[in-house]
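Input: a single structure, listed below in structure tokens.
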Amino acid sequence: MKSNTKIATLFSLMMVLFLDGMGQGIVFPILSQALIDPQQHVLIATATPEMRNLWYGILIGVFFLCWFIGAALLSDLSDKSGRKKALIICLIGSLLGNFVAALAFTLHSLWLLLVGRMLVGFTNGSQPIAQAAVVDISPKNKLSRYLGYVIMAVSIGLIAGPLIGGFLSDHDYVRWFSYSTPLYFAALLAFVNILLLIIYFKETGITKEKTQLKLTRALEIFVSAFRHPSVRFLSICYLLLQIGWSIYYIYISAFIVQKFNLSLRGVSILFAFVGVGLTFGLAVLPGIFEKQNFNRKHVTIFGYSILFLGLIFTVFPNKAIWPWIMIFPLTCGLALAYSFLISLYSNEVGPEKQGWIMGITSAIVALGAAIASFLEAVLSTLNVNFPYYAAIVLIAIGISLMTRFKPKESER
Numbered sequence: 065m066k067s068n069t070k071i072a073t074l075f076s077l078m079m080v081l082f083l084d085g086m087g088q089g090i091v092f093p094i095l096s097q098a099l100i101d102p103q104q105h106v107l108i109a110t111a112t113p114e115m116r117n118l119w120y121g122i123l124i125g126v127f128f129l130c131w132f133i134g135a136a137l138l139s140d141l142s143d144k145s146g147r148k149k150a151l152i153i154c155l156i157g158s159l160l161g162n163f164v165a166a167l168a169f170t171l172h173s174l175w176l177l178l179v180g181r182m183l184v185g186f187t188n189g190s191q192p193i194a195q196a197a198v199v200d201i202s203p204k205n206k207l208s209r210y211l212g213y214v215i216m217a218v219s220i221g222l223i224a225g226p227l228i229g230g231f232l233s234d235h236d237y238v239r240w241f242s243y244s245t246p247l248y249f250a251a252l253l254a255f256v257n258i259l260l261l262i263i264y265f266k267e268t269g270i271t272k273e274k275t276q277l278k279l280t281r282a283l284e285i286f287v288s289a290f291r292h293p294s295v296r297f298l299s300i301c302y303l304l305l306q307i308g309w310s311i312y313y314i315y316i317s318a319f320i321v322q323k324f325n326l327s328l329r330g331v332s333i334l335f336a337f338v339g340v341g342l343t344f345g346l347a348v349l350p351g352i353f354e355k356q357n358f359n360r361k362h363v364t365i366f367g368y369s370i371l372f373l374g375l376i377f378t379v380f381p382n383k384a385i386w387p388w389i390m391i392f393p394l395t396c397g398l399a400l401a402y403s404f405l406i407s408l409y410s411n412e413v414g415p416e417k418q419g420w421i422m423g424i425t426s427a428i429v430a431l432g433a434a435i436a437s438f439l440e441a442v443l444s445t446l447n448v449n450f451p452y453y454a455a456i457v458l459i460a461i462g463i464s465l466m467t468r469f470k471p472k473e474s475e476r
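One gets this note's numbering by counting positions in the sequence shown from 1 and adding 64 to each.
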């Protein structure tokens, strides 16, 4: 492969990963204003605050639920038909879903927005496929560097998503900006990415094995975890912890908008800080702790304990400054815990089952976020603090169970 072509190929894959990270955060500033703010009527003409909270949770929840169903299906498709076709299908879904969601704001249709979020969610499984494609094209002596690019691309997307969503929907910057603008922009980037993949990326990853595509594949992967005793116990811990973290991540903008009247610009900056904390926690902290040779289980518990304390100080001081102060330590703790928890999972099985075990962790992430979204939607109609009370309890139970987890001898 020529040098220029190789750079273009790598760039097209990094763009997929960037869009994956961006897509998770771009809607939070939009929805927190368009739905939660009682002065906004672009989607709901007349509705109680409770109904607005319910719809916010539903729109976020269907995205993650469809992601849970679609990710495993797309992963199997990439093995059957190749990475290129699977990635293009993901991007077509992103293009159509964001375009439909943008039209929903133009046409003032809540149901059309729901369809758009479902489309984007179902085809949001591009990250593991793109990461596998990066591994396919990476020289063996540069694999670590290329995987570092993967983390960098997703991290930049996580930071850029809410900033783009907030900036392009704020008509104080440009008169014709609206809630639709960032979604049209996301659709345009997906279209450009499709062209780059068609032109530069050569097919990789096709297997000779016959793979049967099933909508129930994600559920089968999840259920399979409970047939392995140690993986079952670890998965119960992780699901509780993931639901707790997801409640924080999904609800933080709505929480601050309702409780402290945060502006659209403020929501964008807040989520950018979340992205910075996650990036630092994923890219920097694990290396520091690994050099000190700390016990992985203990580091996992330590990280989730920081998340637990961060949530307490986010809710109980009842002052606007505290959620901002807690963002960085809280997200760093979560990212650190996640890195070491994944290594605990990996250590529970042999080399031949690493794909299976990573599939389980991905399924738990998506399912946990879906459960968290619907739980938050219901609890927030009762009291603005109730979703975070539930998150604190779930994380406390998860940490308590983690202390009883007995990893393999090599991890003790």
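Here a beta-carbon is modelled for each residue, glycine too, at the ideal position from N, C-alpha and C.
Contacting residues, own chain, Cβ-Cβ under 6 Å from residue i (five flanking each side not counted)
| i | result |
| --- | --- |
| GLY161 | GLY180, LEU183 and VAL184 |
| PHE392 | GLY341 |
| TRP131 | GLY185, ASN188 and ALA430 |
| ALA251 | LEU159, ASN162 and PHE163 |
| TYR315 | GLU440 and PRO451 |
8 Å Cβ cutoff met for residue i and residue j
| i | j | result |
| --- | --- | --- |
| PHE241 | SER332 | no |
| ILE223 | THR343 | yes |
| VAL295 | ILE193 | no |
| LYS148 | LEU261 | yes |
| LEU346 | GLY367 | no |
| ASN205 | GLY87 | no |
| GLY49 | GLY89 | Since the displayed the chain opens at 65 and closes at 476, residue 49 lies outside it and no answer follows. |
| TYR213 | MET422 | no |
| LEU83 | GLY229 | no |
| LEU305 | PRO93 | no |
| ALA135 | SER426 | yes |
| SER76 | PHE255 | no |
Residue burial classification, residue i (beta-carbon count within 10 angstroms, cutoff 16)
| i | result |
| --- | --- |
| GLN418 | exposed |
| VAL80 | buried |
| PRO203 | exposed |
| SER96 | buried |
| SER219 | buried |
| GLN191 | buried |
| PHE358 | exposed |
| TYR237 | exposed |
| THR110 | exposed |
| GLY414 | exposed |
| PRO387 | buried |
| SER310 | buried |
| ILE71 | exposed |
Residues of its chain near residue i, where Cβ-Cβ distance is below 7 Å and the 5 sequence neighbours each way are ignored
| i | result |
| --- | --- |
| LEU408 | LEU298, ARG360, LYS361, THR364, PRO471 and GLU475 |
| THR245 | LEU232 and SER233 |
| PHE128 | GLY185, ALA430, ALA433, ALA434 and SER437 |
| ALA384 | PHE324 |
| GLY374 | MET390, PRO393, LEU394 and GLY397 |
| LEU227 | SER332 and ALA336 |
| GLY308 | ALA455, LEU458, ILE459 and GLY462 |
| PHE377 | TRP386 and MET390 |
| VAL126 | LEU178, ARG181, MET182 and GLY185 |
Contacts around residue i, its chain only, beta-carbon distance under 8 Å, and the 5 residues preceding and following it disregarded
| i | result |
| --- | --- |
| PRO102 | PRO113 and ARG116 |
| ILE122 | LEU178, SER437, PHE438 and ALA441 |
| SER142 | LYS149, ALA150, LEU151, ILE193, ALA196 and GLY269 |
| PHE249 | ILE228 and LEU232 |
| ILE258 | ILE152, LEU155, ILE156 and LEU159 |
Touch check for the stretch 153-170 and the stretch 462-470: three-plus C-beta pairs under 8 Å? Flag = no, the stretch 153-170 and the stretch 462-470 do not touch.
Are three or more beta carbon pairs between the stretch 346-353 and the stretch 441-460 nearer than 8 Å? Too few Cβ pairs lie closer than 8 Å, so no.
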